[in-house]
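Reading through the structure tokens given below for one structure.
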Amino acid sequence: MTSEHTIKTPTAVINHLRRGVVALADLVLPPVCLGCKKPMSDHHTLCATCWHDITFIGAPLCDRLGLPMPYDTGGVMISAVAVQRPPVYDRARAVAHYDGQMRSLIHDFKFRDTQDARRLFGRWLTTSGRDLLTDANLIVPVPLYRLRLLSRRFNQSVMLAREVGRLTGIAADPFTLVRTRRTRQQVGLTMNQRQQNVRGAFSVVGKRRQSIAGRKIVLIDDVVTTGAAVEACSKALKDAGAARVTSSEVVEQ
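Using this note's numbering, the letters of the sequence shown map in sequence onto residues 152 to 404.
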């Protein structure tokens, strides 16, 4: 005999309740564009106008630095900059250039305690850094010095690392790497000054050194300018025995 009413499984009930909660949340906080706040059908995204204002970094790229190349040779390409000054890290990728709408999104995320773009940035980092993440087994955010962390109240790189970890299933550890001393703000410094500023400023926590050995690590940061901080972090990780260190950032400035 067929019942008049379909018996719902616990999973179906949970999914039904979840959809109800999401619908209620959308009534209270309707989805809007992260850039211009135009009403949208989904959360954590941009409208077409704001999306087209993002200068994404795509192929062809220098395989080491992730810098745009003028044309595609059909094989692995290394820029003159990477040849003249090979970086400590193995490879790097960035989502977009620091201009237009991306500048506003990063500024709000970093300085205005606005975390709405975290999931969008996480998706972008996962896409732009897919080659780096394929066989990686640890994600490490670039750390803040403890006093700066107290004043800012959060480390945006930790949030990004955790989001990428959530999307990829790769472990993200915000406690592997520490900044051992306070450094000057990098803004306004030359490349050589930036390198001197962060040289020796990062270290792997003693009890985690054994777990670093042989690991393929992806460093996560929000903004890269000269790459001085990423290089200093990479050196600390490689000195601790990391087999490979790559770097993935939201924007290249």
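From the three backbone atoms N, C-alpha and C, an ideal C-beta is built for every residue, glycine too.
- Alanine 245 sits close to glutamate 400, with the two beta carbons spaced by under 7 Å.
- Taken in chain order, the complete alpha helix (DSSP H) segments of 4 residues or longer contained in the segment 318-398 are 342-349, 360-363 and 379-390.
- Taking C-alpha positions only, glutamine 346 is separated from leucine 185 by approximately 34 Å.
- Scanning the segment 208-277 for uninterrupted beta strand (DSSP E) segments of 3 residues or longer gives 242-248, listed from N- to C-terminal end.
- The C-alpha of phenylalanine 326 lies about 16 Å from the C-alpha of alanine 364.
- Taking the Cβ atoms as the reference, alanine 199 lies roughly 26 Å from glycine 217, outside the contact range of under 8 Å.
- Following the DSSP letters along the chain, one finds leucine 284 in no beta strand (DSSP E) but inside the alpha helix (DSSP H) bounded by residues 281-284.
- Within its own chain, the residues whose Cβ lies closer than 6 Å to the Cβ of arginine 359, once the five positions on either side in sequence are excluded, are Thr327, listed in chain order.
- Taken through DSSP and simplified to helix, strand or coil, valine 402 comes out as strand.
- Per DSSP, the unbroken alpha helix (DSSP H) holding threonine 200 starts and ends at 199-202.
- Separation of the CB atoms of valine 369 and leucine 283 is rounded to 5 Å, and the pair is thereby assigned contact status at 8 Å.
- Between the C-alpha atoms of lysine 261 and glutamine 307 there is a straight-line separation of about 6 Å.
- Note: isoleucine 205 is not bridge-paired with any residue in the DSSP secondary-structure output.
- In this structure, the alpha-carbon of serine 192 lies about 16 Å from that of alanine 268.
- Counting along the chain, no beta strand (DSSP E) covers proline 190, and no H or E run does either.
- Straight across, the Cα-Cα distance linking lysine 389 with isoleucine 208 is about 27 Å.
- Ranking Leu289, Ile321 and Tyr222 by CA distance to the CA of serine 362 puts Leu289 first.
- One thing to note: isoleucine 371 has its Cβ within 7 Å of the Cβ of alanine 312.
- Boundaries cannot be given for valine 293, as no beta strand (DSSP E) includes it and DSSP labels it neither H nor E.
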